[in-house]
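Residue numbers (our numbering): 119 to 708.
Think of the CB as a built atom: it goes at the ideal place given N, C-alpha and C, for glycine as much as any other residue.
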């Protein structure tokens, strides 16, 4: 005689079924792409089957995918809203640490989601397990039941592996690439497809490359020019062989005059972006990310490489590329007698920074946490730390040249502090009625007010550092650049930007500025937009520091393709350069 199910079991089964249906509606069925819909649907059903065979609890089998996949949906949506990228599988490897808590501290919704997930996910599954009971195959004998469970579980696992395989029935889903996933909102598909995007791929030789291109410079083109022509002169109080070099990565910064609708000259024409008599090169800079991914801009500057060259896993350069790089800007400077230091505005554990900078070749890593710096620290606080460290270092090393890599942080999002927290004129909408609908207009005005207010702080900081360096009586070079555009939670795409026709995507454009207090051996460094990968060779050229084989090739490619790298229209030339860099020089080793 079949006994009726307890009321609580019927209720929990009904609730689990409703949750499962809701998951299907919000997940697979919300996708406009047929293959992606079927991919997510197959993953969910295979997971439910696996739990059903393993536990024999039907309500629990519906609850597990509902809670787990539903949690991925919520986490992906929250991360995309505030950090402009969905939750991807490599995030669990690289970012599941205390850095996540630091980020969550600044985004209350993320913190609430983390706490709720940590409590509700295990709690709800434990509750369903307790309320449900093993009922599947109840009419079978124990031996038969176990056999069915084992066979069914193995079949479900095989189905999961086949579905989530780049060579399986849904191979087209995996072809979209990591960057497309990072800008996509199909959260379940993106998460599971990204499991296979963690393998570094070193570029293979290009058979279509131009033959016979020479990628080495003559001594005349690569001289230690600064020692003879600029630095060791009587006009400097403290002559030294090469100039001190300070490179400042300006977080989430671009020239606001690039925005068509930024028409208030007093706010949009900012001094730090304007050339003067000490400017040796300046203009638009091409970045390889937008809205986030600062560490890839660090990687490009310090290595002369583009993380996009290495497949989807290149996005995690501080972890998987930094240990493999053969040539770096710090190593070239070391060979020329420099001391090389980094001033980091956060803890060195953030995105593996301390280890990555060691791999890049830095002598000293100054952890911002040791100096009281934090996410909220204004640039004025960072300037005080810079002054202290720079003075201390120069006192210690004397005439030895110094390279400083410093990062700012205040420009990072979110850009939604209330108007009342900012001083005039940033305490009200600056461009009311410019955009439709009204919600977008209100949001862009709030974000632009925040951005321009913070840029004014950056401008004051750059002005101070420029004076400290270039009026110091020592030869000096100052380079600063924006690492990527802010996202304004995605709304920045609605702003029209003024860029040259040769720029393929205005969302990847920021700025760079290079100044010296001496006249370099050569002038005329002008480009429609300079790829940040070429900034290292530009710094070496203007500093008059001899370049190694890699940076000689970088300088030649910079000039031959007018500052463009992966978007160079001369593909045979680009192929020749990449062949030389990766196949001859082995710039990145296995």
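Identify, in the order they occur along the chain, each residue of the same chain with its Cβ nearer than 6 Å to the Cβ of residue i, setting aside the five sequence neighbours on each side.
| i | result |
| --- | --- |
| residue 138 | 180, 184 |
| residue 464 | 486 |
| residue 582 | 501 |
| residue 119 | Residue placement at residue 119 is poorly supported in this model, since its pLDDT is 40, which falls under 50; the coordinates still yield a value, given next. Cβ within range, chain order: n/a, list empty. |
| residue 134 | 177, 180, 181 |
| residue 148 | none |
| residue 578 | none |
| residue 95 | Lying before the first or after the last residue shown, residue 95 is absent from the chain, which here runs from 119 to 708. |
| residue 331 | 694 |
| residue 559 | 553 |
| residue 345 | Note that residue 345 scores 47 on pLDDT, short of 50, meaning its location in the model is unreliable; the coordinates nonetheless yield the value given after this. Excluding residues within five positions, the ones whose Cβ falls inside 6 Å are 359. |
| residue 188 | 141 |
| residue 373 | 391, 629 |
| residue 311 | 291, 292 |
Three-state secondary structure (DSSP) at residue i?
| i | result |
| --- | --- |
| residue 657 | helix |
| residue 548 | coil |
| residue 500 | helix |
| residue 636 | coil |
| residue 400 | strand |
| residue 310 | helix |
| residue 137 | helix |
| residue 627 | strand |
| residue 715 | With the chain covering 119 to 708 only, the question about residue 715 has no answer from this structure. |
| residue 264 | helix |
| residue 689 | helix |
| residue 143 | helix |
| residue 652 | helix |
| residue 695 | helix |
| residue 165 | helix |
| residue 154 | helix |
| residue 598 | strand |
| residue 491 | coil |
| residue 700 | helix |
| residue 527 | coil |
| residue 616 | coil |
| residue 237 | helix |
| residue 209 | helix |
| residue 345 | With a pLDDT of 47 at residue 345, under the threshold of 50, the modelled position of this residue cannot be trusted, and the question is left open. |
| residue 289 | helix |
| residue 684 | coil |
| residue 647 | coil |
| residue 282 | coil |
Whole-angstrom Cβ separation of residue i and residue j, contact assumed at under 8 Å?
| i | j | result |
| --- | --- | --- |
| residue 267 | residue 152 | That belief does not hold up - the Cβ atoms of residue 267 and residue 152 are roughly 33 Å apart, past 8 Å. |
| residue 497 | residue 409 | With a Cβ gap of about 21 Å, residue 497 and residue 409 do not count as contacting. |
| residue 462 | residue 490 | About 13 Å; that fails the 8 Å criterion. |
| residue 196 | residue 390 | Going by Cβ atoms, the distance from residue 196 to residue 390 rounds to 34 Å, so no, they are not a contact pair. |
| residue 705 | residue 445 | 6 Å |
| residue 694 | residue 328 | 4 Å |
| residue 728 | residue 305 | The first residue shown for the chain is 119 and the last is 708, placing residue 728 beyond what the model contains. |
| residue 194 | residue 288 | Not confirmed; about 19 Å, so no contact. |
| residue 600 | residue 571 | The pair is not a contact, with the Cβ atoms about 16 Å apart (cut-off 8 Å). |
| residue 495 | residue 527 | 7 Å |
| residue 458 | residue 504 | Wrong, their Cβ atoms sit about 15 Å apart, outside the cutoff. |
| residue 588 | residue 396 | 6 Å |
| residue 368 | residue 529 | 7 Å |
Counting only the same chain and skipping the five closest in sequence on each side, list residues whose C-beta sits under 8 Å from that of residue i.
| i | result |
| --- | --- |
| residue 425 | 406, 414, 417, 418, 432, 433, 435, 439 |
| residue 142 | 159, 162 |
| residue 669 | 422, 445, 447, 450, 654, 655, 658 |
| residue 420 | 446, 447, 448, 478, 523, 654 |
| residue 386 | 374, 375, 377, 380, 570 |
Skipping 5 residues on each side, what residues in its chain have a beta carbon closer than 7 Å to that of residue i?
| i | result |
| --- | --- |
| residue 519 | 358, 359, 360, 361, 362, 455, 456 |
| residue 682 | 649 |
| residue 340 | 664, 665, 670 |
| residue 551 | 559 |
So, is the C-beta of residue i closer than 9 Å to a C-beta in chain B?
| i | result |
| --- | --- |
| residue 656 | Here there is only one protein chain, and chain B is not present. |
Notebook entry, point to check: At a cut of 8 Å, does the segment 148-168 reach the segment 260-277 through at least three beta carbon pairs?
Noted result: Flag = yes, the segment 148-168 and the segment 260-277 touch.
Next item on the list: Evaluate contact between the segment 365-382 and the segment 676-696, counting only Cβ atoms and requiring at least three cross-stretch pairs below 8 Å.
Entry: No contact exists between the segment 365-382 and the segment 676-696.
Next item on the list: Evaluate the contact criterion for the segment 524-536 versus the segment 611-622: three or more CB pairs, one atom per stretch, below 8 Å.
Entry: They do not touch, by the three-pair rule.
Margin query: Runs of 3 residues minimum, wholly inside the segment 390-457: which ones carry the beta strand (DSSP E) assignment?
Written below: Qualifying beta strand (DSSP E) stretches, in chain order: 397-404.
Margin query: Taking contact to mean 3 or more Cβ pairs, one atom from each stretch, closer than 8 Å, check whether the segment 536-548 and the segment 472-482 are in contact.
Written below: No: the two stretches stay apart, fewer than three of their Cβ pairs being nearer than 8 Å.
Margin query: Check whether the segment 321-335 and the segment 684-698 are in contact - that is, three or more C-beta pairs closer than 8 Å.
Written below: Yes, since at least three Cβ pairs between the segment 321-335 and the segment 684-698 fall closer than 8 Å, the two stretches touch.
Next item on the list: Taking 8 Å as the threshold, find out whether the segment 581-601 comes into contact with the segment 626-641 through three or more Cβ pairs.
Entry: Taking 8 Å as the limit for Cβ pairs, the verdict is that the segment 626-641 does touch the segment 581-601.
Next item on the list: Would you mind listing the alpha helix (DSSP H) stretches within the segment 174-202 that are 4+ residues and don't spill past its ends, in chain order?
Entry: Taken in chain order, the whole alpha helix (DSSP H) runs of length 4 or more contained in the segment 174-202 are 176-201.
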